[in-house]
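**Student:**
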Ligand code: BV8
Ligand code: ZN
């Protein structure tokens, strides 16, 4: 059972605005591999080799194949009990915000409707030359090309690239205004995304981390609950509903 006492539950219950800041661990129980865990996808590759623009320009086919492989996985998985619990929180609180580093669209598919996608979305693609968006592309040709001749790339944020302004700004405001900030399934080492945790704390939010292991921020949070997101989040929701 979760390590939350009556006071913890009361504190959540009287929150007006709760933020769920999520990383790859949120989708692990849906079958989407994390990045840095023992079976993380980046153990086989290195982010520098794949999730950056120069690699794409040097070897667009290799980078495109990697995203096609991941897009195929995402298309065949479903939101887990953790995603569904976060979506159900919307019924019991005036304001719920999801800030995700994930590009897998699972929060939206679970029914969350106030989401900031800091690192983009693997279902969206655009032409690097004319910026035309392509959602369903014929993946026969690798990498696919736009009618203008430009390469088509996934609409995700690569290393060294800026986060979408509107997404980061919106997330920053939510982090500074909320009274409760859950950090779920993230190693909290990628910036500027991870700075939102510090912004929330500085603004007086209560920070609770849900993870299966200690992270760089565990000593910094108000509370750390060891456990899987797909188990802990539904348990917290049940307590709220009691
Ligand atoms: C930028 C999209 C400005 C693509 C991603 C040195 C110091 C500080 C910063 C830097 C630095 N050197 C470089 C930087 C900047 C760099 C950065 O932060 N690097 C890190 C690695 C040090 N950041 C950038 O480049 C950003 N842009 O700074 O721009 C700029 C612009 C121009 C010039 C200069 C500066 C852009 C970063 C975005 C990169 N794109 N993803 C794609 O996905 O292919 S990042 C990638 O990492 C994913 O988005 C992922 O979500 C994110 C963070 O990883 P996590 O989500 O935390 O996943 P991870 O596997 O690490 O952890 C999973 C956790 O879950 C673990 O803790 C595990 O225990 C837990 N878990 C597992 N199972 C469960 C669970 N928890 C609960 N339940 C479970 N079942
Ligand atoms: Zn084009």
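Numbering (this note's numbering), first residue to last: 118 to 359.
Even glycine gets a Cβ: it sits at the ideal position worked out from N, Cα and C.
Regarding residue 345 and the ligand BV8, is the C-beta to nearest heavy atom distance less than 7 Å?
**Tutor:** As a working mapping, residue 345 is identified with position 228 in the chain shown. Residue 345: yes, Cβ under 7 Å from the ligand BV8.
**Student:** Consult DSSP for residue 253 and reduce its assignment to one of helix, strand or coil.
**Tutor:** Counted from its first residue, the chain shown places residue 253 at position 136. In the structure shown, residue 253 sits in coil (DSSP, three-state: anything other than H, G, I, E or B).
**Student:** Are the CB atoms of residue 299 and residue 136 within a distance shorter than 8 Å?
**Tutor:** By one-based count along the chain shown, residue 136 stands at place 19. By one-based count along the chain shown, residue 299 stands at place 182. In contact: residue 136 and residue 299 (Cβ atoms closer than 8 Å).
**Student:** So residue 184 is in the alpha helix (DSSP H); what residue range does that whole segment cover?
**Tutor:** Position 67 of the chain shown holds residue 184. 177–192 is the span of the alpha helix (DSSP H), which, as asked, contains residue 184.
**Student:** Could you name the residues of the same chain whose beta carbon sits closer than 8 Å to that of residue 201, not counting the 5 residues immediately before and after it, in chain order?
**Tutor:** On the chain shown, position 84 is the one that residue 201 refers to. The answer, listed in chain order, is 227, 228 and 351.
**Student:** Touching or not, the stretch 168–180 and the stretch 193–209, by the rule of three or more beta carbon pairs under 8 Å?
**Tutor:** Segments in contact, no.
**Student:** Where does residue 124 sit, in a helix, a strand or coil, going by DSSP?
**Tutor:** On the chain shown, residue 124 is found 7 positions in, with the first residue counted as 1. Note: residue 124 maps to helix in three-state DSSP.
**Student:** Using a Cβ distance threshold of 8 Å, determine whether the stretch 232–251 contacts the stretch 262–280, with at least three qualifying pairs required.
**Tutor:** Output reads yes: the stretch 262–280 touches the stretch 232–251.
**Student:** Could you pull the start and end residues of the beta strand (DSSP E) that residue 271 belongs to?
**Tutor:** Mapped onto the chain shown, residue 271 falls at position 154. 269–273 is the span of the beta strand (DSSP E), which, as asked, contains residue 271.
**Student:** What whole-angstrom Cβ distance do residue 272 and residue 237 have, given they're in contact under 8 Å?
**Tutor:** On the chain shown, residue 272 is found 155 positions in, with the first residue counted as 1. On the chain shown, residue 237 is found 120 positions in, with the first residue counted as 1. That pair is a contact at about 5 Å.
**Student:** If you follow the alpha helix (DSSP H) that residue 142 is part of, which residue opens it and which one closes it?
**Tutor:** As a position in the chain shown, residue 142 is number 25, starting the count at 1. First-last for residue 142: undefined, no H or E at that position.
**Student:** Cβ of residue 238 versus every heavy atom of the ligand BV8: is any distance shorter than 7 Å?
**Tutor:** Within the chain shown, numbered from 1, the residue matching residue 238 stands at position 121. It does not: the Cβ of residue 238 is nowhere closer than 7 Å to a heavy atom of the ligand BV8.
**Student:** Confirm the yes/no value for this check: CB of residue 304, any heavy atom of the ligand BV8, distance under 7 Å.
**Tutor:** Within the chain shown, residue 304 is the residue found at index 187, counting from 1. Answer for residue 304: yes, Cβ within range of the ligand BV8.
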